[in-house]
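Working notes for the structure below.
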Amino acid sequence: MAFTLSFKRDFFLLKEGVGAMFNMTKIKAVRGDGRSFYMNHLSSNDYYSEHEKVQGRWCGRLALEFDLWDAVSSEEFSLFQRNINPKTLEKLTQRTVKSGVRFFDFQCAAPKSVSIISLFDSRLLQAHEEAVQAAMHELEDLAAVRVRTGENVKTRNYELTGKLLYARFTHDTSRALDPQLHTHNVVVNLTQDADGNYKALEALEMCRAIRYAGKVYHNHLARKCRELGYETVDHRDEKGRIVWFDLKGVSAEVMELYSKRRREIEAEEQKFIAEHGRKPTFAENNFLSMTTRENKLKTSDRAKVRQFQLSQLSDEQRRELNEMVREAGRHTGSLPGNDIETCVRMIREALPQLYERESVLKLDKILGEVLNRNLGHVELEVLKQAVPHVPELCNLGGLKENPWYSPQEVIDRELYAIEAVERQRNLLTPIAPEFEAFPGEESRQEQAAIIHGLLNSPDRFNLFRGVAGSGKTSTLQELCRGLQSCGLERIYLIAPTNSAVEVLKGEGFQYSSTVASFLLSEKKPEAGSYVIIDESGLNSLREGAEIIRLANENDYRVLFVGDARQHTSVESGDFFRLLENHSGIARFELRTIRRQQSENYRAGIAYCADGYFQAAFDTFEENGFIHEGKSDYLKKAAESYLEFTENGRFPERAILVAPTHDECDNLTSAVRERLKTAGVIARTGRMLPVFRSWRWEKAMLAEAANYRPGMAVSFVRSLKDIAEAGEYAVVESIADGMLHFTSGKSIHLRRSAGYIEAGELREMELCPGDVIQFGVNLKSRKIYNGNLARIVDDPAKIMLLNADGTDRELVDFPENCSAISPGWVTTSYKSQGRTADTVVVAAQEIDRKSFYVALSRGRLNMALHCPDKEFLKEQLLKDKKCRLSVHDLVDEGEIPRVPERRPLPEEVRLLAAEKRPDTEYKSVEGRLRKLRRYLKGVAARVRRYCRRVADRRSRNARYGFGIVTEKTLLELEKEHAVEFPAVQPPKPLESEPVIKELIRQGNAVPDEPKPAVRKNNAPARSRSSWGWDEFEAWIEEEKRKHGGNDPEPGVERTAAQEDHHSSERWNAEEKHNPSELEKLESEPVLEKVGVPARSRNSWGWEEFDAWVEEEKRKLNEREAAQKELEPESKPKPKKEKAVKSRSPERAQPRFPAPPEIPKDSGRGMDL
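In the working numbering, the protein residues as written are 4 to 1170.
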């Protein structure tokens, strides 16, 4: 029986013998029935004895389906390997793929300290078993099956089943006979779908969550160790990040003593590197561990092996470990449980670090990080229950067991950026529609068309994508000339770094600044400015949303320039790609590549720009741009660089790029050795301590628990009375959130985290002629992050270099500055934006963005050196790293569409519309619509004008031309008989019930109880005591004065009537020109009781009488209905003596006047 072992990459994996490990291996059967694999690798106690067997256990929710209760036998294992159902002996799944994957081996290893103490305390073996079971339970929930029916036939869609069958084998010794507690969970490539059919397992989600499973194991094991009385401490890697836990009390010497197997594998790794020129992959590393084992000790047994292990310890070491176990036994006890509030706090503490560089994460990533930060202090089930209670997190949907989550802030920013850009379309006027770009240059017609489109764009925001080497800089220069042609001088260029700003200023862009300066500066560009954001692909979502907000507030026009296929920001959110792929922003694209002079070189870069990386790699390989050098690839890359720069005398001619810092260091050493031999740099120099950053997240920098004595801290900005930018300090102690340095100074982390970076110190040799690169901004010296400088003979001076490598100026060497690195080699990220005649790249593997950016820096030539072409190509094509946004998940169908924001109320939208500028005049259709509306209202405007003229003439004829004498009639006396206020209803008066009764009987005017002002010629005294007779007499008198009833509809008024009508309308509309409050106060009584104004304008006295009778009838009906609903036993409220209803034909008695109201209670007539 032969098996092929295939190891899964890109997941949490730590090498055997070093510490905790959780990885996955694919086992492919080639021939045989699997018995030999079972006997030699699983049932043997990890290769030291073939006489003692490890009894495996069947686990998983499918075990009962096959009547597999407990122990694993070789017969059952063999049947599964051959795709046979051990229960029915029939075919298990529909397809049997030759050389296909038969099993997935999920290996879980305990920390080295736990394995050592398990020699003295067998309780840890049981704790390990329980922790493994907890981790596999979480993975089983993510077991899935491919969906191959209907529209999913040719897709990779899958659905979760949550069912596995696996055999668990626990070993306690490594192949070097070191204590190494670990378990093989051999998962059968099998699951059961919803219809009960057995199908092949889809392990994609399980592999994605393998780090989470490892953290579940670590947390459960650490909690069990604490319950058993042991103290745990976090184990951190070389960059200060937590990777697992260890038992406090096990010394580093003891753990190193039992790491012989690790040293064997490391020795084999060095041999591999020497032969192949690169580090082995995880698969190759596991192959090395499989092929370097010692011959099996067939005569050994467990007792002999344990005796051999203990014999390696000194008496003092054995005594310390035994005392540690006894002390733990005295502190055994259960741990208190967690509550929801505590777990919510833990999650909220982890969120800033989690989402600093990602916009969306799955639940397993969140839980895994929270567990990692609190190993042994969390109950997993309570933690899961606490996630929905975190207010900052929004469940986006997806798989029920493992949904996507994103902070609400990120969702709001994405929606705001897209909606704000789309709302600002077609609002502005073209800037310079008549400008002609690149006149007479036929080769630049594509650039001229883009400039013409930008200058004619009516949008506030535009997007300009220019592929690498397409001439974006010259296009922007011509665009600025077009903007200036129409008098627009306020043009600002924003770049991502200070060094890029210096380059832009040198190219003629006077108003240039960094994105950070643009956002933070209190002095913003003037309103109406044109802002160009260069290399906008390096802007984060936060920065992009802030730029949009500032543009809207200050009336800027903004042009985003970049390329989404190049490098993106370190901070979360690919802003440029979000706008390009998910918004309706106007896009302009420059695709013709001009930088590369060679046709074949240019063709390869064009393939990269379009995303065809396989075609690009093949093009470069066919034309001799890619060189394979095995273990000498770095030396050959150094030789190529020296050839193109004439032994380093003209460094501006070439750029040397390596994708990783380790490769940069090794390549720098190779270059400097040859430069010393050539005499370009001195053979000896001075040593300088330099700082190497660990690239911690900002949230991690602010937590005091992450720091240890002896760590180095570099200041990225000057901190008053503490340190200048570029200086470093060494941590002496940590207490109460304060870092205390060996220099005697201290800082508070929460307030100063934005000023520092954590890392380590290294020694760097500086020889005259060396080129260095600064990693900090020293504005007082005009030195910026990314600037190059050359070491001169005077140790107190350096020669600053321009971006093209030429000398700039001689300045003082900054004292105590440690933010320095060798400048001969740069990373792909820092090379973006630079250009030289030749670019030389050295890489054993490279991702797509680095491949595209690094190889496109050259004009004339390019050389890519690698140890293995096929390996490089394989890794390049596998790489599909792309940070996802919420809108990406929606487009890919991972989550349902995100609901839009709640719509604004209509009145708010109308108000916003009023504040927007009128843009109808910008189009012919808009102007025609506006003209039609104007013509439609001409007749009404003419009528109003003629009526005003007639009113004015009538007024002048009646009252004179504004000369007031004792005989002049005041217009105030010529309005309605009664008028009432409309501000606040007056308090009920004692006479209100009486007035209501009069209205019901027809004996009173339907009126409000408190008029505001007297505007008729009837004395107030008489009106306050009126009955119905006086009221009707007054109405008849008014009819007589006004010439009787108004004419019937269609009959013209007499001159006197028209004169009176016009005068009253003028009084109400033109003379007073009333405000809204005055209009309400001057409305007549008919409006107060709800009579429509349209009908009142054409009423005569007959209509008025009809309306009065109708109101009486309605009031009578309402009161009759109310009386029927009132219970008989209900006590009647005390009121004034009621007046019996009389029929209309009977004489109406005189009703006593209502009580008088004090004069100071209001002005005017009182009822």
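Note that the Cβ used here is the ideal one computed from N, Cα and C, for glycine as well.
Note that the structure is a prediction, hence the values are computed from the model and not measured.
Under a three-way DSSP split, which group does Cys-869 fall into? strand
Among Lys-833, Ser-116, Trp-827 and Arg-793, whose alpha-carbon lies nearest the alpha-carbon of Phe-816? Arg-793
Alpha carbon to alpha carbon, how far is Leu-582 from Ala-112? The alpha-carbon atoms of Leu-582 and Ala-112 are separated by roughly 46 Å.
Suppose you measure from the CA of Asp-665 to the CA of Ala-845; what does that come to, to the nearest Å? Looking at the two C-alpha atoms, the distance is approximately 11 Å.
Can you tell me which of the three DSSP states Ile-497 falls into? strand
Starting from the Cα of Ala-212, find the closest Cα among Val-189, Leu-145 and Glu-760 and give me that residue. Leu-145
Could you give the C-beta distance for Phe-464 and Val-424, rounded to a whole number, given that I count them as a contact under 8 Å? 5 Å
Pick out whichever of Lys-933, Val-779, Gly-474 and Glu-812 has its Cα sitting closest to the Cα of Ser-859. Gly-474
Could you name each continuous alpha helix (DSSP H) segment of 4 residues or more that falls completely within the region 302-368, going from the start of the chain to the end? 305-314, 318-332 and 343-357
Is there at least one Cβ from chain C nearer than 7 Å to Lys-508's Cβ? No chain C is present in this structure, which holds just one protein chain.
Among Asp-342, Ser-362 and Thr-663, which has the Cα closest to the Cα of His-380? Asp-342
Note down the Cα distance separating Lys-387 from Leu-479, rounded to an integer number of angstroms. 52 Å
Suppose you measure from the CA of Glu-481 to the CA of Ala-799; what does that come to, to the nearest Å? Going from the Cα of Glu-481 to the Cα of Ala-799 covers about 43 Å.
From what residue to what residue does the beta strand (DSSP E) around His-630 run? Its beta strand (DSSP E) spans residues 629-631.
Three-state class that DSSP yields for Val-734 in the structure shown: Of the three classes helix, strand and coil, the one that applies to Val-734 here is strand, per DSSP.
DSSP-derived helix/strand/coil call for Thr-186: strand
Would you list the one or two residues that DSSP bridges to Met-27? Phe-109
Could you check if Val-660 belongs to the surroundings of the ligand GDP, using beta carbon to heavy atom distance under 6 Å? Absence of the ligand GDP from the depicted structure is noted, as is the absence of any ligand whatsoever, leaving it without description.
Host beta strand (DSSP E) of Glu-236 (start-end): In the sequence on display, residue 236 carries Val and not Glu. That run of the beta strand (DSSP E) goes 235-239.
Measure the CB-CB distance between Phe-579 and Ala-567 and report whether it falls below 7 Å. yes
Can you find at least 3 beta carbon pairs, one from the region 736-755 and one from the region 655-671, that sit closer than 8 Å? no
For Asn-459, which residues in the same chain have their Cβ closer than 6 Å to its Cβ, ignoring the five residues on either side in sequence? Pro-433 and Pro-436
Kindly list the residues whose CB is nearer than 6 Å to the CB of Ala-225, restricted to its own chain and excluding five residues on each side of it in sequence; keep chain order. Thr-235, Phe-248, Leu-378 and Gly-379
Of the residues Ile-684, Arg-951 and Asn-501, which one's Cα is nearest the Cα of Phe-777? Cα-wise, what sits closest to Phe-777 is Asn-501.
For Arg-151 versus Ile-30, is the C-beta spacing smaller than 7 Å? no
Per DSSP, which one or two residues make a beta bridge with Ser-749? His-743
Residues in the same chain with beta-carbon distance under 8 Å from Ile-245, minus the five sequence neighbours each way, listed in chain order, please. Counting only Cβ-Cβ distances below 8 Å, and skipping sequence neighbours, we find Asp-237, His-238, Arg-239, Asn-375, Arg-376 and Leu-378.
Contact check, Thr-841 vs Phe-647, beta carbons under 7 Å: yes
Taking the straight line between their C-alpha atoms, what separation do you get for Val-561 and Ala-732? Straight-line Cα distance between these residues: approximately 42 Å.
DSSP three-state label for Thr-476, please. Helix at Thr-476.
Which residues in the same chain have their Cβ closer than 7 Å to the Cβ of Lys-1162, if we skip the five residues on either side of it in sequence? Any answer about Lys-1162 is weak, because its pLDDT of 40 lies below 50 and its placement is not dependable; what the coordinates show is given next. None.
Where does Cys-228 fall in DSSP's three states? DSSP places Cys-228 in the helix class (H, G or I) of the three-state scheme.
Between the C-alpha atoms of Ala-255 and Leu-399, what's the straight-line distance to the nearest angstrom? A direct Cα-Cα distance of roughly 45 Å separates Ala-255 from Leu-399.
For the beta strand (DSSP E) holding Tyr-408, just list the boundary residues, first then last. Where Tyr-408 is concerned, the enclosing beta strand (DSSP E) stretches over 406-410.
Tell me which residues share the same chain as Ile-494 and place their Cβ nearer than 6 Å to its Cβ, disregarding the 5 neighbours each side in the sequence. Cys-483, Leu-486 and Tyr-533
For the beta strand (DSSP E) that contains Lys-800, what are its first and last residues? 800-804
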